[in-house]
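Protein chains in written order, with my numbering: chain A, 4 to 141; chain B, 2 to 142.
Even for Gly, the Cβ is constructed at its ideal location relative to N, Cα and C.
Structure record follows, encoded as structure tokens.
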């Protein structure tokens with residue numbers, strides 16, 4: 004199988020795990036998508052370093068785009084790449100992050116170190132971060 | 002053996018180059034550590050839950066990685082990785098990736114919960130209203 008096929012399967016598997024196996028329903032929650040938006044931004048930077056510097060090199064027969072060239076960096080955008088990395092890496096990363104967070108929530112539901120919950124942010128950071136205490140919410 | 006086109010051509014810089022991949026992982030760990038401290042993510046204090054989460058992820062993705070390496074999907078620059086390679090051609094750097102990225106992901110999720118009190122799914126059902134946790138009995142004050 005190609006990396007393209009495997010990464011699509013990876014996404015299907017984590018969706019099935021979330022909805023039917025672990026029943027965490029994490030992919031339907033805003034907390035997941037806000038966290039993922041932050042994660043994917045930094046993934047594009049760190050993975051851009053790993054792929055742009057050709058620390059990890061890809062074979063063109065396994066991905067939508069071409070092989071990582073030997074003498075120059077791969078395209079920043081285009082030829083199946085986003086921020087130097089094959090688009091497959093975004094799907095791979097999504098599967099990695101989603102599986103992790105599904106398991107994390109699942110263990111919490113089973114009462115493995117469920118509490119204390121995270122937060123609130125430390126007092127002196129609350130203003131900087133724009134933190135609103137729960138009491139102020141409608 | 003250096004590549005002829007390598008801009009980082011001195012021996013000193015080449016030695017540092019072996020830590021390029023590792024450096025990205027250290028950057029990720031340092032860059033997310035403040036979430037534990039200042040947003041009180043409480044991830045590193047839940048070591049059992051963290052281990053039980055990360056371990057299966059490492060197993061699954063190491064298997065994927067070993068298949069990808071054997072099928073030739075990707076290769077690693079031996080000049081920019083530590084040089085510690087496990088059976089099947091799996092670099093230590095790559096295994097650590099599957100530990101560090103999950104930790105960073107969990108820290109981010111818990112940081113968002115810290116800020117917003119949004120329902121994550123591990124709360125008792127009656128603790129949340131409209132997707133926000135209103136019952137603070139599980140909170141540490």
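Using a Cβ-Cβ cut-off of less than 8 Å, give me the residues of the segment 95-120 of chain B that come near chain C, in sequence order. Within the model displayed, chain C is absent; protein chains A and B are what it includes.
May I ask you to report which of helix, strand or coil DSSP gives residue 73 of chain B? coil
So residue 70 of chain B and residue 91 of chain B are in contact, right, with Cβ under 8 Å, and what is the actual spacing, rounded? 6 Å
In angstroms with no decimal places, state the Cα-to-Cα distance between residue 73 of chain A and residue 82 of chain A. 16 Å
Give a yes or no on whether the minimum CB-CB distance between residue 59 of chain A and chain B is below 8 Å. yes
Any contact of the segment 88-96 of chain A with the segment 109-117 of chain A, i.e. 3+ C-beta pairs under 8 Å? no
What three-state label does DSSP hand residue 89 of chain A in the structure shown? strand
Counting along the chain, where does the alpha helix (DSSP H) carrying residue 6 of chain A start and finish? 6-19
From the beta carbon of residue 29 of chain B, is the nearest beta carbon of chain A less than 8 Å away? yes
With DSSP run on the structure shown, which of helix, strand or coil describes residue 87 of chain B? strand
Enumerate in chain order the residues of its own chain whose CB-to-CB distance from residue 62 of chain B is below 8 Å, with the five nearest sequence positions on each side excluded. 99
Tell me the rounded alpha-carbon separation between residue 141 of chain A and residue 121 of chain B. Residue placement at residue 141 of chain A is flagged as unreliable, the pLDDT there being 48, under the threshold of 50; the coordinate-derived value follows with that caveat. Their Cα atoms are separated by approximately 20 Å.
Let me make sure I understand the geometry here. Which of B:115, B:59, B:17 and B:18 has the alpha-carbon closest to that of residue 35 of chain B? B:115
By the criterion of Cβ-Cβ separation under 8 Å, what are the contact partners of residue 38 of chain A in chain B? 106, 109, 110, 112 and 113
Which residues mark the beginning and the end of the alpha helix (DSSP H) in which residue 60 of chain A is found? That residue, residue 60 of chain A, is in no alpha helix (DSSP H); its beta strand (DSSP E) goes 59-61.
Output, in chain order, the set of chain B residues within a Cβ distance shorter than 7 Å of residue 12 of chain A. Correct list: empty, because the minimum Cβ distance to chain B is about 10 Å.
Going by C-alpha to C-alpha distance, which of B:77, B:127, B:110 and B:96 sits closest to residue 19 of chain B? B:77
Of all the alpha helix (DSSP H) runs that stay within the bounds of the segment 11-62 of chain B, which reach a length of 4 or more residues? 12-18 and 21-39
Less than 8 Å between the C-beta atoms of residue 119 of chain A and residue 43 of chain B, yes or no? yes
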